[in-house]
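Quick note, the sequence shown lines up with residues 1008 to 1106 if you use the numbering used here.
A short worksheet on the structure shown next.
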Amino acid sequence: MTEQPEQTGEASSSSTPAAPSLACAQCASTPDSLKQCLKCHSVHYCNRDCQKAHFKTHKKECAGLAQEYVKTHEPKMASRAPPRETGKGKGIGKWEYDT
């Protein structure tokens, strides 16, 4: 009988915790769309004004947080666009021969 409550306790502890509510690092508001710090991705802001106001405080820890972020996340590399398939190379152009 004592095993039954322990199993329910284990089930609740193994369940995933609720996602923390994100708030602006400067004004602590919780708008629908928050923008991350582009360098460290660990601090969120509601707009550019809040980011500028909080930068003096955040810049001291931003570089260290950015190094930790890079260790755990693979950077996205830009891909080259395929060459265009236009009329280039289709015969001789007027600049390609002497007159």
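Virtual Cβ for every residue (Gly too), placed ideally from N, Cα, C.
_With three or more beta-carbon pairs closer than 8 Å as the criterion, would you say the region 1052–1066 touches the region 1028–1035?_
With the cut-off at 8 Å, the region 1052–1066 and the region 1028–1035 touch.
*Thr-1037: which of Leu-1045, Lys-1046, Val-1050 sits nearest, CA to CA?*
Here residue 1037 refers to the residue found at position 30 when the sequence shown is read from its first residue. Distance from the Cα of Thr-1037 is smallest, within the candidate group Leu-1045, Lys-1046, Val-1050, for Val-1050.
_Just to confirm my understanding: we take Cys-1047, look at its own chain, exclude 5 residues before and 5 after, and list those with CB closer than 7 Å. What are they?_
Reading the sequence shown from its first residue, position 40 is the one you call residue 1047. Excluding sequence positions up to five before and after Cys-1047, its CB lies within less than 7 Å of the CB of Cys-1069, Leu-1072, Ala-1073, Tyr-1076, all in the same chain and listed in chain order.
*alpha helix (DSSP H) runs wholly inside the region 1031–1092, at least 4 long, in chain order*: Scanning the region 1031–1092 for uninterrupted alpha helix (DSSP H) segments of 4 residues or longer gives 1055–1079, listed from N- to C-terminal end.
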